[in-house]
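Take a look at the structure set out below.
Number of protein chains: 2
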Amino acid sequence: MLSPDNILIIDDEHQIRRLLEITLSANGYKISEASTGKEGLSMAATSQPVLIILDLGLPDIDGLDVLKKLREWYLKPIIILSVRSSEEDIIKALDIGANDYLTKPFRTGELLARIRVAIRQSQGTSENPVLNFGSLAIDLSNHTARKNNELLKLTSTEFSLLALLAKNEGRVLTHQYILKEVWGMGYIEQTQYLRVFIAQLRKKVEDDPAKPKMLNTESGIGYRFGS
Amino acid sequence: MLSPDNILIIDDEHQIRRLLEITLSANGYKISEASTGKEGLSMAATSQPVLIILDLGLPDIDGLDVLKKLREWYLKPIIILSVRSSEEDIIKALDIGANDYLTKPFRTGELLARIRVAIRQSQGTSENPVLNFGSLAIDLSNHTARKNNELLKLTSTEFSLLALLAKNEGRVLTHQYILKEVWGMGYIEQTQYLRVFIAQLRKKVEDDPAKPKMLNTESGIGYRFGS
DNA sequence: ACTGAATTTATAAAGGTTTTATAAGGATAG
DNA sequence: CTATCCTTATAAAACCTTTATAAATTCAGT
């Protein structure tokens, strides 16, 4: 439930909830749902969503009051989705603390874009995918690798090789496959390149290059990262 | 000019500018105006507005390109005001970095409320647009950089390059990407430009230009700022 | 299971090539 | 005219490839 991309939908219309659930799920968000104001308030507290989509026309509590209550403690984005299109309602909602206001019927693409805006603003910067193996950390999007938090000086080829093996942790990769992926189709038979580079990598990555724990060799086949 | 509640309007329609000027002034904002994209970009740099209202239909540069250029350094809210109401335009603008999107004709009360939301949010996440790296400070909105509190004399290209790398601290940026961002799409293969400017920057920024600690080279790939 | 030969692997080190750093002069725009 | 950018030239550094040799592993025949 405490997913980092969880969105809470508070809306009494089953059809809308269903539409949003499908659309948002398809775009990688996890969904929580509530059909009343009371339920919505309690779910916001328990599921800690990164964003709330709130309908103003709820059966029990007025939407603006729900918004006000939420804003007493909930600091992340709230997007209003409502049939009420009067300027007065919009201004009120925005001034109480909504981040955005869309009138039904809405365009799903636009809603998704506005959700991205809201989340972007509330988060600032997002983290990148990092492969971690004990003292070794490989940051694929930054093209950097660290051992004991110290930046390793790897050449481009060395990094490609390390990343390829690490991405396939535990799997044996054949010489040919590695050569094809790192050097290109024309180098499938240059097995010696691979040996030279593996040795260089081990010097930089392993605690004891003579007894490798990460870059393991499978004699006659290829190499394997980790266990 | 450097009023704390200065709003910049970039719109070629005189009537709209006049309407906004009256409305916003009546609500306590100071106004700067520009009628072309080029003028808007330079005014954004000089008048440092807390918020920018941008029309997409400008006579000289496409509004989306103005938005993109602004977002290279301008971190405060940008609200789009446009006659274009297609979902595609809205999504594009929001994803490029707009905070909100209103279609003309708009309701002034709603615009005012959305301005309040935007300013409220930008103050909440009051990130100063100054990047700090030890003795080096880079002020994105002023287009200035200081080393040991002394202003560095950087050309516009040098600053763009430094800012781009600094904004992506720790990440390896490829030659092509840097050339595209700083010089433009047509310069992707002019790697030597980059080398020349990196050398110049290192002379100004590094303690020992021969042993760079900030502007690191990743041979065969590109450059990386910091560790 | 042991031995020795054959195969495969590890590693250092020596060219050779590509990439980078830097200075300096010419071109250009404001 | 001046600041900035572009271009060229050349030396230095980094990187890749190749070679050589020792070590490890596999395997066949006993």
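First to last, the sequence lines map onto chains A and B. So in our numbering the end of the first sequence lands on 227, straight run, no missing numbers. So in our numbering the end of the second sequence lands on 454, straight run, no missing numbers. For every residue, glycine included, the Cβ atom is placed at its ideal position computed from N, Cα and C.
Could you tell me the distance, in whole angstroms, from the CA atom of V182(A) to the CA atom of H402(B)?
Sequence index remark: in the first sequence, residue 182(A) carries index 182 (1-based). Sequence index remark: in the second sequence, residue 402(B) carries index 175 (1-based). If you take the alpha carbons of V182(A) and H402(B), they lie about 20 Å apart.
Taking Cβ-Cβ distances below 8 Å as the criterion, which residues of the region 384-407 of chain B are in contact with chain A?
Those would be G397, R398 and V399, in chain order.
Determine, for V117(A), whether the minimum Cβ-Cβ distance to residues of chain B falls below 7 Å.
The residue given as residue 117(A) occupies position 117 in the first sequence. Yes, V117(A) counts as interfacial toward chain B.
In its own chain, which residues sit with a C-beta less than 6 Å from the C-beta of K430(B), not counting the 5 before and 5 after it?
Taking the second sequence and counting its residues from 1, the one referred to as residue 430(B) is at position 203. Once the five neighbours on either side are set aside, the close Cβ partners of K430(B) are P436.
If we count the other Cβ atoms within 10 Å of its Cβ and call it buried at 16 or more, is D139(A) buried or exposed?
By 1-based counting over the first sequence, the position of residue 139(A) is 139. Buried.
Is F106(A) helix, strand or coil when you go by DSSP?
As a first step, residue 106(A) is located in the first sequence; it is residue number 106 there, counting from the start. Three-state DSSP puts F106(A) in coil, outside helix and strand.
Give the residues from the region 404-432 of chain B that approach chain A closer than 7 Å (Cβ to any Cβ), ordered along the chain.
If the cut-off is 7 Å between Cβ atoms, the region 404-432 of chain B has nothing near chain A.
Checking 7 Å against the spacing of the C-beta atoms, do I465(B) and L278(B) come in under that value?
The structure shown has nothing for residue 465(B), since chain B only spans 228 to 454.
Any chance you could list the alpha helix (DSSP H) runs of at least 4 consecutive residues sitting entirely within the region 66-124 of chain A, in chain order?
Counting only runs of 4 or more, we get 87-96 and 108-123.
Per DSSP, K30(A) is paired with what?
In the first sequence, counting from the first residue as 1, residue 30(A) sits at position 30. K30(A) pairs with N6(A).
Counting contacts by CB-CB distance shorter than 7 Å, is G336(B) in contact with chain A?
Reading the second sequence from its first residue, position 109 is the one you call residue 336(B). Yes, G336(B) counts as interfacial toward chain A.
Quick one: give me the first and last residue of the beta strand (DSSP E) that I280(B) is part of.
On the second sequence, position 53 is the one that residue 280(B) refers to. Segment L278 to D282, the beta strand (DSSP E) holding I280(B).
Throw me the rounded Cβ distance for the K265(B) and I288(B) pair, which I believe falls under 8 Å.
As a first step, residue 265(B) is located in the second sequence; it is residue number 38 there, counting from the start. As a first step, residue 288(B) is located in the second sequence; it is residue number 61 there, counting from the start. Indeed, because the Cβ distance is near 7 Å, the residues count as touching under 8 Å.
For G449(B), count neighbouring C-beta atoms within 10 Å of its own C-beta (all shown protein chains included) and say buried if the count is 16 or more, exposed if not.
The residue labelled residue 449(B) in the question sits at position 222 within the second sequence. With 16 or more other Cβ atoms within 10 Å, it is buried.
Can you tell me which of L111(A), K211(A), S47(A) and S82(A) puts its alpha carbon nearest to the alpha carbon of L64(A)?
Taking the first residue of the first sequence as 1, we reach residue 64(A) at position 64. The option with the nearest alpha carbon to L64(A) is S82(A).
Any C-beta of chain B sitting closer than 7 Å to the C-beta of A26(A)?
Position 26 of the first sequence, counting from 1, holds the residue named residue 26(A). Judged by the 7 Å Cβ criterion, A26(A) is not in contact with chain B.
Report the rounded CA-to-CA distance for V293(B) versus S387(B), giving the unit in angstroms.
As a first step, residue 293(B) is located in the second sequence; it is residue number 66 there, counting from the start. As a first step, residue 387(B) is located in the second sequence; it is residue number 160 there, counting from the start. If you take the alpha carbons of V293(B) and S387(B), they lie about 16 Å apart.
Would you report the Cα separation of S126(A) and G220(A), rounded to the nearest angstrom?
Position 126 of the first sequence holds residue 126(A). Position 220 of the first sequence holds residue 220(A). Low per-residue confidence applies at S126(A): pLDDT is 48, beneath 50, and the placement is therefore not dependable, though the value from the model is reported in the following sentence. If you take the alpha carbons of S126(A) and G220(A), they lie about 43 Å apart.
Could you tell me the distance, in whole angstroms, from the CA atom of K374(B) to the CA atom of F452(B)?
In the second sequence, residue 374(B) corresponds to position 147, counting from 1. In the second sequence, residue 452(B) corresponds to position 225, counting from 1. Those two C-alpha atoms are separated by around 16 Å.
Mind listing which residues of the region 259-282 of chain B have their C-beta closer than 8 Å to chain A's C-betas, in chain order?
The region 259-282 of chain B vs chain A, Cβ under 8 Å: nothing.
What is the residue span of the alpha helix (DSSP H) that A437(B) lies within?
Here residue 437(B) refers to the residue found at position 210 when the second sequence is read from its first residue. Run containing A437(B): none; DSSP gives neither H nor E here.
Express the C-alpha separation of W73(A) and P59(A) in angstroms, rounding to a whole number.
Counted from its first residue, the first sequence places residue 59(A) at position 59. Counted from its first residue, the first sequence places residue 73(A) at position 73. Cα to Cα, the separation comes out at about 23 Å.
Tell me the rounded alpha-carbon separation between V196(A) and Y187(A).
Start at 1 with the first residue of the first sequence, and residue 196(A) comes out as number 196. Start at 1 with the first residue of the first sequence, and residue 187(A) comes out as number 187. Their Cα atoms are separated by approximately 14 Å.
Where F207(B) and S349(B) are concerned, what is the direct C-alpha to C-alpha distance, given to the nearest angstrom?
There is no way to answer for residue 207(B), as the model of chain B reaches only from 228 to 454.
Determine the burial state of K303(B): buried for a count of at least 16 other Cβ atoms within 10 Å of its Cβ, exposed for fewer.
For this step, residue 303(B) is matched to residue 76 along the second sequence. Its Cβ being crowded by 16 or more others within 10 Å, K303(B) is buried.
What's the gap between the Cα of V399(B) and the Cα of L152(A)?
Counted from its first residue, the second sequence places residue 399(B) at position 172. Counted from its first residue, the first sequence places residue 152(A) at position 152. So the two alpha carbons sit approximately 13 Å from each other.
Could you pull the DSSP bridge partners for T365(B) from this structure?
One-based indexing of the second sequence puts residue 365(B) at position 138. In the sequence as presented, Thr is not what sits at residue 365(B); that position holds Ile. Looking at the DSSP assignment, I365(B) forms a beta bridge with L358(B) and A372(B).
Hey, S274(B) and S252(B): beta-carbon distance below 7 Å or not?
Taking the first residue of the second sequence as 1, we reach residue 274(B) at position 47. Taking the first residue of the second sequence as 1, we reach residue 252(B) at position 25. Going by C-beta atoms, S274(B) is not nearer than 7 Å to S252(B).
Tell me, to the nearest whole angstrom, how far the beta carbon of L179(A) is from that of L194(A); I am working on the premise that it is less than 8 Å.
Position 179 of the first sequence, counted from the first residue, corresponds to residue 179(A). Position 194 of the first sequence, counted from the first residue, corresponds to residue 194(A). Confirmed, about 6 Å.
Name the chain B residues whose beta carbon is nearer than 8 Å to that of L151(A)?
Sequence index remark: in the first sequence, residue 151(A) carries index 151 (1-based). Here the neighbours are S454.
Find the residues of chain B that neighbour N99(A), judging by a C-beta separation of less than 8 Å, and give them in chain order.
By one-based count along the first sequence, residue 99(A) stands at place 99. Here the neighbours are V344 and Q348.
Can you find a CB in chain B that lies within less than 7 Å of the CB of E87(A)?
Counting from one through the first sequence, the residue named residue 87(A) turns up at place 87. Answer yes: the Cβ-Cβ gap between E87(A) and chain B drops below 7 Å somewhere.
With DSSP as the reference, identify every bridge partner of Y450(B), one or two as the case may be.
Counted from its first residue, the second sequence places residue 450(B) at position 223. Y450(B) pairs with L400(B) and T444(B).
According to DSSP, simplified to helix, strand and coil, what is L58(A)?
The count along the first sequence starts at 1 and reaches residue 58(A) at position 58. Correct three-state label for L58(A): coil.
With distances taken Cα to Cα, identify the nearest neighbour of R84(A) among K68(A), L102(A), V130(A) and E13(A).
Residue mapping note: residue 84(A) aligns to position 84 of the first sequence, counting from 1. Among K68(A), L102(A), V130(A) and E13(A), the Cα nearest to that of R84(A) belongs to L102(A).
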